[in-house]
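Using the working numbering, read the first sequence as starting at 133 and increasing by one per residue.
The structure appears below as structure tokens.
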Amino acid sequence: MSLVTPVRVRFAPSPTGFLHVGGARTALFNWLWARHTGGTFVLRIEDTDAERSTDEMIREILDGLEWLGIDWDEGPYFQSERGERHREAAGRLVEEGNAYPCFCTVEELAAEREAAIARKESYVYSGRCRGIAPFEAAERRASGDPCTIRFAVPAGETAWDDVVHGPTSFENRTIGDFIVVRSDGAPIYNLAVTVDDLDMRISHVVRGDDHISNTPKQILIYHALGVEPPVFAHVPLILGPDKSKLSKRHGAVAVTAYREQGYLADAFVNFLALLGWSPGDDREVMTRGELVEAFTLDRITGKSAVFDVEKLEWLNGQHLTQLSGADVAEVARPWFVRAGIVGLEELEERADWFEDLMGLVKTRSRTLHDLVEQGRPFFPGPVEYHPDAIEKFWKDPAAADQALAVAEEYAAAEDHWGALEAMETRLRSVAEGRGVPAGKVMQSMRVALTGQRVSPGIFETMVAMGPDVVGERLSAARTWLARRSAG
RNA sequence: GGCCCCAUCGUCUAGUGGCCUAGGACGUAGCCCUCUCAAGGCUAAAACACGGGUUCGAAUCCCGUUGGGGCCA
Numbered sequence: 133m134s135l136v137t138p139v140r141v142r143f144a145p146s147p148t149g150f151l152h153v154g155g156a157r158t159a160l161f162n163w164l165w166a167r168h169t170g171g172t173f174v175l176r177i178e179d180t181d182a183e184r185s186t187d188e189m190i191r192e193i194l195d196g197l198e199w200l201g202i203d204w205d206e207g208p209y210f211q212s213e214r215g216e217r218h219r220e221a222a223g224r225l226v227e228e229g230n231a232y233p234c235f236c237t238v239e240e241l242a243a244e245r246e247a248a249i250a251r252k253e254s255y256v257y258s259g260r261c262r263g264i265a266p267f268e269a270a271e272r273r274a275s276g277d278p279c280t281i282r283f284a285v286p287a288g289e290t291a292w293d294d295v296v297h298g299p300t301s302f303e304n305r306t307i308g309d310f311i312v313v314r315s316d317g318a319p320i321y322n323l324a325v326t327v328d329d330l331d332m333r334i335s336h337v338v339r340g341d342d343h344i345s346n347t348p349k350q351i352l353i354y355h356a357l358g359v360e361p362p363v364f365a366h367v368p369l370i371l372g373p374d375k376s377k378l379s380k381r382h383g384a385v386a387v388t389a390y391r392e393q394g395y396l397a398d399a400f401v402n403f404l405a406l407l408g409w410s411p412g413d414d415r416e417v418m419t420r421g422e423l424v425e426a427f428t429l430d431r432i433t434g435k436s437a438v439f440d441v442e443k444l445e446w447l448n449g450q451h452l453t454q455l456s457g458a459d460v461a462e463v464a465r466p467w468f469v470r471a472g473i474v475g476l477e478e479l480e481e482r483a484d485w486f487e488d489l490m491g492l493v494k495t496r497s498r499t500l501h502d503l504v505e506q507g508r509p510f511f512p513g514p515v516e517y518h519p520d521a522i523e524k525f526w527k528d529p530a531a532a533d534q535a536l537a538v539a540e541e542y543a544a545a546e547d548h549w550g551a552l553e554a555m556e557t558r559l560r561s562v563a564e565g566r567g568v569p570a571g572k573v574m575q576s577m578r579v580a581l582t583g584q585r586v587s588p589g590i591f592e593t594m595v596a597m598g599p600d601v602v603g604e605r606l607s608a609a610r611t612w613l614a615r616r617s618a619g
């Protein structure tokens, strides 16, 4: 990799769809490389397909990038505004004999194709319009004869040293004279991309594997334009669980769907980075800074990777656990508000309490949804007893009630809220005095207080709820149990 | 169909000729911890697609086969 030329990379999505997982990873790799090298990350919107491109999709893409924390240094540039440059380049290609007008009609081309198929050969354009003399071509164009502009592919081979795949080459005869400008004057993708990358002084083109077959054409254009092509790195695709290209069939298409599902941007970025890349040591849970520091293009794998949601969940849990209570509170706050559990003002008033609460529930949660469900019972209001919890700890209502009677007696007498060890010692002695196993008391309390079978330690739970709520919930639980045995 | 890419546990990967009786992670199973569940710790099952070469030696290099994927048609 050249140390002389500054690193300039780009992400060039076409706004015909959302920012999907594959696109996000391509963007991420470019971004990581730019940040790692102190280079420049350019954003370019390839909106030349006017019919399918929408402003809505542009907003969606920018929204997705923003969520992931992928910021750009230049742009967004819009390819649609660069038609003039594309046509200039095409003109130069024609002038210098590297491209020529082709007057073949759709029918003629179809005939050529069918003939090739009949001969069991692969179809490439015959190149017969190449023979038309320039003056004749000019005359026909002037008279309004419709034509496309085709690139005159030379004989030989086009090769490059792909950072990911190593030496890669295509025989030029398999490429065929390809169209660079349509008959309506619109520049074709390969021309537009090449001219844009050239004008934007892109040093490394990092993009999906699906562009490999476009690369020789682009290299040919670079050479015809008299410049050295950039470095290419073709990143393998991301596959669904069935190993086909990841698509809507496999669930979420837009990366922002993962935001809604309760994943942390940092965890998602970490996960994406590990899909097709590894730091070379055994690290897996990595911060954004660590990723930037460790990222190099030559460590990208050549093999496509399956998107594994379970690993994403685990990673998210890891990131959640590593965050401080305050940081978790920061991201979790809107989730609690949106769930209708509590108002934002109240959360801000009880900021310290909420941070402590998040500290308690974060290790038990993998997503922000889990966090909400874990945190819900800590807010005032009636508790719903979860069937699983009843089944597991209140199977015998009489025994549960007996345990709760002990719990009530203990809680009423407890005056050292906050001293966890002392609280436990006391509960154990009260329970022992009543001949009820302490574990039984704690488990029954868990259901009474949270309605769930999973919660933080019972004493931490009590402290977080406070004596009043605990008292209320214990008696409510006994009433409920009594009614249940009666009915 | 043509061209191109790829091939290590179910999944993500380490591995660039000897350090590999193939390492880590997710997931799975078990154990420890324990008031529940996580987290944490320990353990187990689990892979070099196949066939030929090259080499004293191959997961690593070459060829072929098979399989998967992409692009074009």
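We put the CB at the ideal spot given by N, CA and C, even for glycine.
A quick note: this is a predicted structure, and the numbers were derived from the prediction, not measured.
Rounded C-alpha distance that separates residue i from residue j
| i | j | result |
| --- | --- | --- |
| L164 | V367 | 14 Å |
| W199 | E392 | 11 Å |
| T137 | E360 | 12 Å |
| G171 | I334 | 11 Å |
| D205 | L175 | 8 Å |
| C236 | R282 | 11 Å |
| L492 | D430 | 41 Å |
| T290 | P233 | 23 Å |
| V338 | A265 | 40 Å |
| A399 | L452 | 8 Å |
| T148 | D195 | 15 Å |
| E462 | L489 | 12 Å |
| P519 | T428 | 51 Å |
| R273 | Q350 | 26 Å |
| E478 | P569 | 39 Å |
| G449 | A242 | 57 Å |
| F303 | H355 | One detail in the question is off: residue 303 reads as Glu in this sequence, not Phe. Approximately 16 Å between the Cα atoms of the pair. |
| E244 | R224 | 29 Å |
| K524 | E516 | 15 Å |
| R251 | T300 | 29 Å |
| E416 | V504 | 26 Å |
| W446 | R498 | 7 Å |
| I307 | V327 | 20 Å |
| T611 | A521 | 17 Å |
| L404 | G507 | 29 Å |
| A532 | R496 | 25 Å |
| G603 | M597 | 10 Å |
| E564 | G583 | 25 Å |
| E442 | V401 | 15 Å |
| P208 | A609 | 59 Å |
Residues sharing a beta bridge with residue i, DSSP
| i | result |
| --- | --- |
| V141 | F173 and H336 |
| G331 | The amino acid at residue 331 is misidentified as Gly; the sequence shows Asp. None; D331 has no bridge partner. |
| Y209 | R176 |
| T290 | F302 |
| I281 | P233 and V313 |
| K377 | L371 |
| P319 | V313 |
| I432 | W409 |
| V438 | L371 |
Rounded Cβ spacing between residue i and residue j (contact assumed at less than 8 Å)
| i | j | result |
| --- | --- | --- |
| L581 | T593 | 6 Å |
| L378 | V153 | 6 Å |
| N162 | F173 | 6 Å |
| F591 | L552 | 5 Å |
| V144 | E183 | The sequence given here places Ala at residue 144; Val does not occur at that position. That pair is no contact at about 19 Å. |
Residue i in three-state terms, based on DSSP
| i | result |
| --- | --- |
| K524 | helix |
| A386 | strand |
| H366 | strand |
| C234 | strand |
| R314 | coil |
| V515 | coil |
| K76 | A question about residue 76 goes unanswered here, because the residues of the chain that appear run from 133 up to 619. |
| F150 | coil |
| V568 | coil |
| P411 | coil |
| P361 | coil |
| P588 | coil |
| I344 | helix |
| V474 | coil |
| R420 | helix |
| A265 | coil |
| Y395 | coil |
| S561 | helix |
Could you tell me whether the stretch 208-225 touches the stretch 315-333, using the rule of 3 or more Cβ pairs below 8 Å? yes
Check whether the stretch 251-261 touches the stretch 293-302, taking contact to mean three or more Cβ pairs, one atom from each stretch, closer than 8 Å. Below 8 Å, too few C-beta pairs join the stretch 251-261 and the stretch 293-302 to call them touching: fewer than three.
Kindly confirm or deny that the stretch 538-550 and the stretch 559-574 touch, where touching means at least three C-beta pairs closer than 8 Å. Contact holds: three or more Cβ-Cβ distances are below 8 Å.
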